Amino acid sequence: MTDRFITDPTVVEIYEIDQSKTFEQQFSKVSLENILFNIVAFAIWVFEKLLTQHQKEIDDTIASSRIHTQKWYREKALAFMFGKQLNDSDVYDTSDMTEQEIVEAKIIANAAPVKMQGYLRMKVVKSLGDELGPLSTTELTAFESYMNYVTDAGTYVIPTSNQADDLKLHLDVYYDPMILAQDGSRLDGTSETPTLDVINSYLKSLRFNGAFVETKLMDEIQSVHGVTMVKIVGAWSKYGSYDYESTINPNAGKINEVRIADAGYMKLDQDNTTINYIAFSDYD
């Protein structure tokens, strides 16, 4: 505004403006002109803030009045606070809670809504240190009551929280004998189980309720220093009453490249996993 002011021909003539100087160089901070510009600028800033707030209120009203998406259901699940009561607006009043108390009350570490026939299944887990684990019976009951209270009328939510699906692998790992030993450990002593370490790391890196992909696991294993090739002879998963040999459930039994864990996450069954280490190096 001040730049436009000092370049206006009428203003230049009346005030005898020096075109080589700025507004601040020709008008003091306490001048009437400077005060007026500050008042106008502040008024415009306040008006813009009011417009922004009004737009947010409109967006919130629209969002609350339309059918909710799966993303909304997931966010609602993550907002659950164990042992706390909702207010009339279906949200928690945290005004008298510390940040630590809020963190401790929000027990849902991850959630994934899945559309089923006639209801919405909500897979949930909590944090157990560095691992994920199922909610207790009491926690799951409270969470189910909460979800069916906050969701749309006519939508029935059934939450599930289970132990991780078990993953069994049969691998042929070809290794460089100058770097790895016959048992797969590093000769320099930095790791006794580099292959197992990268498998576990891959499983932990999967998005909750994301897909386990054999090819991606193979790529991860081949990135291990000293591994020259890897062949996945077979991969299987199981959960609940289904075993590794199951053929009637698409989420259990032998894996054909891709598998989504029924619980939403997997862990390696090391006792039943077979890794054959085969010396092979190609320096050509």
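10 is the number of the first residue of the sequence shown in my numbering; add one for each residue after it.
C-beta: ideal position from N, C-alpha, C; glycine also.
The structure presented is a predicted model; accordingly, all values stated were derived computationally and were not measured.
Determine whether the beta carbon atoms of Leu-205 and Ile-284 lie at a separation below 9 Å.
yes
I'd like the list of long-range same chain contacts for Gly-235, defined as Cβ closer than 6 Å, with 5 residues on each side in sequence excluded.
Tyr-184, Asp-185, Ile-188, Leu-189
With 16 as the cutoff for other CB atoms within 10 Å, does Ile-257 come out buried or exposed?
exposed
Taking 9 Å as the cut-off, decide whether the C-beta atoms of Tyr-165 and Leu-137 are in contact.
Not in contact: Tyr-165 and Leu-137 (Cβ atoms no closer than 9 Å).
Quick one: grab the DSSP three-state call for Pro-143.
In the structure shown, Pro-143 sits in coil (DSSP, three-state: anything other than H, G, I, E or B).
Chain-order list of residues whose beta-carbon lies under 6 Å from that of Gln-35 (same chain, five-residue window excluded):
none
CB Leu-95 to CB Ile-116, shorter than 9 Å?
no
Quick check on Arg-83: buried or exposed, where buried means 16 or more other Cβ atoms within 10 Å of its Cβ?
buried
Drop a sphere of 10 angstroms on the beta-carbon of Ser-74, count the other beta-carbons inside from all chains shown, and report buried for 16 or more, exposed for fewer.
Only weak support exists for where Ser-74 lies, its pLDDT of 49 falling under 50; the value from the coordinates is given anyway. Exposed.
Using the C-alpha atoms, what's the distance from Ile-67 back to Met-275?
42 Å
I'd like to check one pair, Tyr-251 with Asn-265: are the Cβ atoms closer than 9 Å?
No, these two residues do not count as a Cβ contact at 9 Å.
Touch check for the stretch 153-163 and the stretch 218-226: three-plus C-beta pairs under 8 Å?
no
What span of residues does the beta strand (DSSP E) with Tyr-251 cover, start to end?
No beta strand (DSSP E) holds Tyr-251; DSSP gives it neither H nor E.
Quick one: using the 10 Å Cβ neighbour count with 16 as the cut-off for buried, is Asp-293 buried or exposed?
Reliability fails at Asp-293, whose pLDDT of 48 lies under 50, so the model's placement of it is uncertain and no value is given.
How big is the Cα-Cα spacing for Met-238 and Lys-132?
For Met-238 and Lys-132, the distance between alpha carbons rounds to 36 Å.
Extent of the continuous beta strand (DSSP E) to which Thr-283 belongs
283-288
So, at 6 Å on beta carbons, what are the nonlocal neighbours of Gln-231 in its own chain, with the 5 sequence-adjacent residues on each side left out?
Within the same chain, Cβ atoms closer than 6 Å to the Cβ of Gln-231 are found at Val-239, the five residues on either side in sequence being excluded.
Looking only at DSSP bridge pairs, what is Val-182 linked to?
Val-239, Tyr-286
On the DSSP letters alone, give me the boundaries of the alpha helix (DSSP H) that Ala-220 sits inside.
Premise fails: Ala-220 lies in the beta strand (DSSP E), 220-222, not in any alpha helix (DSSP H).
If we call anything under 9 Å between Cβ atoms a contact, is Asn-209 one with Gly-273?
no
Pro-259 in three-state terms, based on DSSP
Coil.
With C-beta atoms as the reference, is Ala-270 less than 9 Å away from His-179?
no
Could you have a look at Ser-74 and say whether DSSP puts it in helix, strand or coil?
Its pLDDT being 49, under 50, Ser-74 is placed unreliably in this model, and the value from its coordinates should be taken loosely. Ser-74: helix per DSSP, three-state reduction.
Taking the straight line between their C-alpha atoms, what separation do you get for Gly-193 and Tyr-286?
6 Å
Relative to the C-alpha of Pro-122, which candidate in Leu-45, Lys-93, His-77, Phe-51 has its C-alpha closest?
His-77
Roughly how many whole angstroms lie between the Cα atoms of Thr-16 and Glu-25?
11 Å
Hey, could you find the ends of the alpha helix (DSSP H) Leu-95 is sitting in?
From DSSP, Leu-95 is part of no alpha helix (DSSP H); its letter is neither H nor E.
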